[in-house]
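Engineer:
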Amino acid sequence: PGDPCAKSDLVLNLQGEQQIYPGGTRPKFVVTLVNTGDVMCKADVGPRALEVRITSGADRIWSTSDCISGDAVEIKRLERGIPYVRPVEWDRHRSGGRCGTARPGARPGTYVAAVYADDLQSPPKAVFHLR
82 PGDPCAKSDL VLNLQGEQQI YPGGTRPKFV VTLVNTGDVM CKADVGPRAL
132 EVRITSGADR IWSTSDCISG DAVEIKRLER GIPYVRPVEW DRHRSGGRCG
182 TARPGARPGT YVAAVYADDL QSPPKAVFHL R
């Protein structure tokens, strides 16, 4: 039961746990998706559909959609006004084509975490710093 959620009924948010992460501390974020429509609906909340991506300038550093086996679809029922919450932790290493090998660590600096979903015009972002 339940139809797919209308994109206009979904509110997506990303919140960083901290703004500054000392060396060795893994950055943590919370993705929140809320159905503001009149009725329950279904949405894919998997790591590809709700992708958290970390960048530094134009450099793509890490993504939840990298290194996934299978289709990674996770359909959830979203009741009106009840948030779906997903914690995300980054291991401070790059991802991408290096899934099965040793991945280089991220350097100290300023980074941006953003969550992307289908047809979302302005993805929510969190700026943070690695020490």
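Numbering-wise (my numbering), the sequence shown opens with residue 82 and increments by one.
A virtual CB, placed ideally from N, CA and C, is assigned to each residue, including glycine.
The structure presented is a predicted model; accordingly, all values stated were derived computationally and were not measured.
1. Alpha carbons only, please: which of S137, W143, G127 and T136 is nearest the one belonging to E155?
2. Just reading off the beta strand (DSSP E) that E170 is part of, what are its end residues?
3. Within 8 Å, do at least three Cβ pairs link the stretch 136-143 to the stretch 98-108?
4. Classify D147 as helix, strand or coil using the three-state DSSP reduction.
5. Please list, in chain order, all residues of the same chain as G105 whose beta carbon is under 6 Å from its beta carbon, the five residues on each side excluded.
6. Rank K157, S144, D199 and I149 by C-alpha distance to the C-alpha of V133 and give the top, closest one.
7. Starting from the Cα of V92, find the closest Cα among T113, D125, G186 and D84 and give me that residue.
8. Along the chain, where does the beta strand (DSSP E) containing C122 start, and where does it finish?
9. Below 7 Å CB to CB, which residues in the same chain sit around D119 once its five sequence neighbours on both sides are set aside?
10. Determine the DSSP secondary structure at D213, reduced to helix, strand or coil.
Structural biologist: The structure says:
1. Counted from its first residue, the sequence shown places residue 155 at position 74. Closest by alpha carbon: G127.
2. Numbered from 1 along the sequence shown, position 89 holds the residue referred to as residue 170. Here the beta strand (DSSP E) through E170 covers Y165 to E170.
3. Judged by Cβ distances under 8 Å, the stretch 98-108 makes no contact with the stretch 136-143, as fewer than three pairs qualify.
4. Locating residue 147 in the sequence shown gives position 66, where the first residue counts as 1. In the displayed model, D147 falls within coil according to three-state DSSP, outside both helix and strand.
5. Within the sequence shown, numbered from 1, the residue matching residue 105 stands at position 24. So no residue of the chain qualifies.
6. Locating residue 133 in the sequence shown gives position 52, counting from the first residue. Comparing Cα positions, the closest option is S144.
7. As a working note, residue 92 is residue 11 in the sequence shown. Comparing alpha-carbon positions, the option among T113, D125, G186 and D84 lying closest to V92 turns out to be T113.
8. Stepping through the sequence shown from its first residue, residue 122 is reached at position 41. Annotation for C122: the continuous beta strand (DSSP E) segment containing it runs C122 to D125.
9. Here residue 119 refers to the residue found at position 38 of the sequence shown. Scanning its chain for C-beta atoms nearer than 7 Å, with the 5 sequence neighbours on each side dropped, one finds around D119 the residues R161, in chain order.
10. This structure does not reach residue 213, given that the chain is present from 82 up to 212, and the question cannot be answered.
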